[in-house]
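Step one of this worksheet: look at the structure below.
Residue numbers (this note's numbering): 575 to 918.
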């Protein structure tokens with residue numbers, strides 16, 4: 575297999591194995607454990623997580639909080655239009671995706687006597703907008719507050735539906751502290767809402783913040799993956815976490831976003847900025863030892879990240895076994911643990 579060819583990261587998933595809803599009991603999710611040293615696989619449920627992970631490992635968690643980034647506005651003709659907020663460019667202007675064709679200077683009515691104006695159509699499909707209250711732009715804090723009151727959780731587009739009422743809890747990061755993501759760090763969704771204190775009794779826990787953007791769902795399109803332009807996401811690493819990264823402690827990344835942030839620091843020693851790091855088999859992790867993650871979409875940068883840890887051949891082997899064993903895939907699906915310790 576050519577590890578630089580996009581087609582090498584394709585696979586067939588039976589549609590019925592796409593998890594469209596979360597499990598009622600998070601501990602009952604399946605957990606495939608791959609042991610790096612011996613290339614062996616074990617099958618467990620997520621309830622076995624603490625019995626599997628040695629206390630010597632530090633857990634790196636992403637504490638980003640998911641915005642209610644999906645919202646709706648009304649055109650002048652009365653038709654409803656869907657928006658997905660991305661991020662602010664300055665105190666009053668922000669980027670968003672808009673479903674359907676729009677025109678520059680077109681206006682959309684929101685509730686609470688607010689309106690949106692499309693100021694610019696960008697070539698990447700995003701739109702530059704400003705939100706007005708009585709013709710006066712409102713600032714970022716006021717708009718985000720409005721979003722949290724009137725928006726919907728931005729569940730993945732492949733689910734093909736709008737968010738349910740209970741998705742405010744189901745699709746929210748249980749470690750959430752800092753508002754700013756428009757997608758959940760889905761490996762974290764396997765933990766119960768109050769799991770953090772229990773984890774701290776067994777492990778050192780190092781928080782980072784990486785605000786996940788919509789780029790996480792964009793498939794790689796370049797035939798040679800080295801030509802892929804990676805999306806940018808804002809990150810922050812607290813001082814205590816950076817000190818842990820500088821130590822010799824083995825690190826278990828809870829999710830791909832935690833792994834990318836660890837590796838961003840390993841390369842550049844920055845605690846703040848924009849992460850555009852693209853991990854793949856020719857750009858392997860340098861600091862992280864282990865990874866908890868979900869099963870990812872074909873031809874995605876996240877699948878390439880998994881291959882950066884275990885190689886392309888072993889990635890296909892694991893995915894084939896997970897499919898054969900009936901694992902549930904994607905954001906609400908089952909989990910895999912890449913372990914750098916010996917099997918019990």
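Glycine residues also receive a C-beta, built at the ideal position from the N, C-alpha and C atoms. All of these numbers come straight from a predicted model, not from anything done at the bench.
Item to check | Where residue 757 sits in the DSSP three-state scheme | outcome: Counted from its first residue, the chain shown places residue 757 at position 183. Residue 757 falls in the coil class under three-state DSSP.
Item to check | Reduced DSSP secondary structure (H/G/I, E/B, other) of residue 614 | outcome: Within the chain shown, the letter at position 40 stands for residue 614. In the structure shown, residue 614 sits in a strand (DSSP, three-state: E or B).
Item to check | Beta-carbon separation (whole angstroms), residue 819 vs residue 861, contact threshold 8 Å | outcome: For the purposes of this step, residue 819 is taken as residue 245 along the chain shown, with counting starting at 1. For the purposes of this step, residue 861 is taken as residue 287 along the chain shown, with counting starting at 1. The Cβ separation is near 6 Å, so the contact holds.
Next on the checklist: Rounded to whole angstroms, what is the Cα-Cα separation between residue 726 and residue 787?
Outcome noted: The residue labelled residue 726 in the question sits at position 152 within the chain shown. The residue labelled residue 787 in the question sits at position 213 within the chain shown. Taking the straight line joining both Cα atoms gives about 16 Å.
Item to check | Residue nearest to residue 846 in terms of C-alpha spacing, selected from 815, 874, 633 and 870 | outcome: Working through the chain shown from its first residue, we reach residue 846 at position 272. Cα-wise, what sits closest to residue 846 is 815.
Checklist entry - Which residues bound the beta strand (DSSP E) around residue 708? => result Against the chain shown, residue 708 aligns to sequence position 134. Here residue 708 belongs to no beta strand (DSSP E), and DSSP marks it neither H nor E.
Checklist entry - Mind checking residue 732: buried by the 16 CB within 10 Å criterion, or exposed? => result Indexing the chain shown from 1 puts residue 732 at position 158. Looking at its Cβ environment, which holds fewer than 16 other Cβ atoms inside 10 Å, residue 732 is exposed.
Item to check | Supposed close pair residue 671, residue 652 - CB separation, criterion 8 Å | outcome: Reading the chain shown from its first residue, position 97 is the one you call residue 671. Reading the chain shown from its first residue, position 78 is the one you call residue 652. 22 Å between Cβ atoms; not a contact.
Next on the checklist: Please report the distance separating the alpha-carbon of residue 576 from that of residue 587.
Outcome noted: As a working mapping, residue 576 is identified with position 2 in the chain shown. As a working mapping, residue 587 is identified with position 13 in the chain shown. Roughly 21 Å separates the two Cα atoms.
Next on the checklist: In the DSSP output, what is residue 781 paired with across the bridge?
Outcome noted: What you label residue 781 is simply residue 207 of the chain shown in a count that begins at 1. Bridge partners of residue 781: 635.
Item to check | Inside the region 718-769 only - beta strand (DSSP E) runs reaching at least 3 residues | outcome: 752-755
Next on the checklist: Would residue 591 and residue 906 qualify as a contact pair, given that the criterion is a beta-carbon distance under 8 Å?
Outcome noted: Locating residue 591 in the chain shown gives position 17, where the first residue counts as 1. Locating residue 906 in the chain shown gives position 332, where the first residue counts as 1. Going by C-beta atoms, residue 591 is not nearer than 8 Å to residue 906.
Checklist entry - Going by DSSP, what residues sit across from residue 878 in a beta bridge? => result If you number the chain shown from 1, residue 878 lands on position 304. None; residue 878 has no bridge partner.
Item to check | Helix, strand or coil at residue 678 [DSSP, three-state] | outcome: Start at 1 with the first residue of the chain shown, and residue 678 comes out as number 104. If DSSP states are grouped into helix, strand and coil, residue 678 belongs with coil.
Next on the checklist: Three Cβ pairs or more, each shorter than 8 Å: is that satisfied between the region 748-764 and the region 799-806?
Outcome noted: no
Checklist entry - Considering only C-alpha positions, which residue in the set 608, 662, 636 and 617 is nearest to residue 715? => result Counting from 1 along the chain shown, the entry for residue 715 is found at position 141. When each option's Cα is compared against that of residue 715, the closest is 662.
Checklist entry - Pick from 774, 878, 597 and 705: whose alpha carbon is nearest that of residue 645? => result By 1-based counting over the chain shown, the position of residue 645 is 71. When each option's Cα is compared against that of residue 645, the closest is 705.
Checklist entry - Does the distance from the CB of residue 764 to the CB of residue 620 come in under 8 Å? => result By one-based count along the chain shown, residue 764 stands at place 190. By one-based count along the chain shown, residue 620 stands at place 46. A contact, by the Cβ cut-off of 8 Å.
Checklist entry - In terms of alpha-carbon separation, which member of 864, 873, 828 and 882 lies closest to residue 851? => result On the chain shown, residue 851 is found 277 positions in, with the first residue counted as 1. Checked all of 864, 873, 828 and 882; the closest Cα to residue 851 is 882.
Checklist entry - In three-state DSSP terms, what is residue 897? => result The residue labelled residue 897 in the question sits at position 323 within the chain shown. In this structure, residue 897 counts as helix in the three-state DSSP scheme.
Next on the checklist: Among the candidates 856, 742, 893 and 744, whose CA atom is the shortest distance from the CA of residue 868?
Outcome noted: Taking the chain shown and counting its residues from 1, the one referred to as residue 868 is at position 294. Among 856, 742, 893 and 744, the Cα nearest to that of residue 868 is on 893.
Next on the checklist: Determine whether the beta carbon atoms of residue 841 and residue 853 lie at a separation below 8 Å.
Outcome noted: By one-based count along the chain shown, residue 841 stands at place 267. By one-based count along the chain shown, residue 853 stands at place 279. It is not a contact, given that the beta carbons lie outside the stated cut-off.
Checklist entry - So, helix, strand or coil for residue 918, using DSSP? => result Taking the first residue of the chain shown as 1, we reach residue 918 at position 344. Note: residue 918 maps to coil in three-state DSSP.
Checklist entry - Of the choices 722, 649 and 895, whose alpha-carbon is the least far from that of residue 640? => result The residue given as residue 640 occupies position 66 in the chain shown. It is 722 whose Cα lies nearest to the Cα of residue 640.
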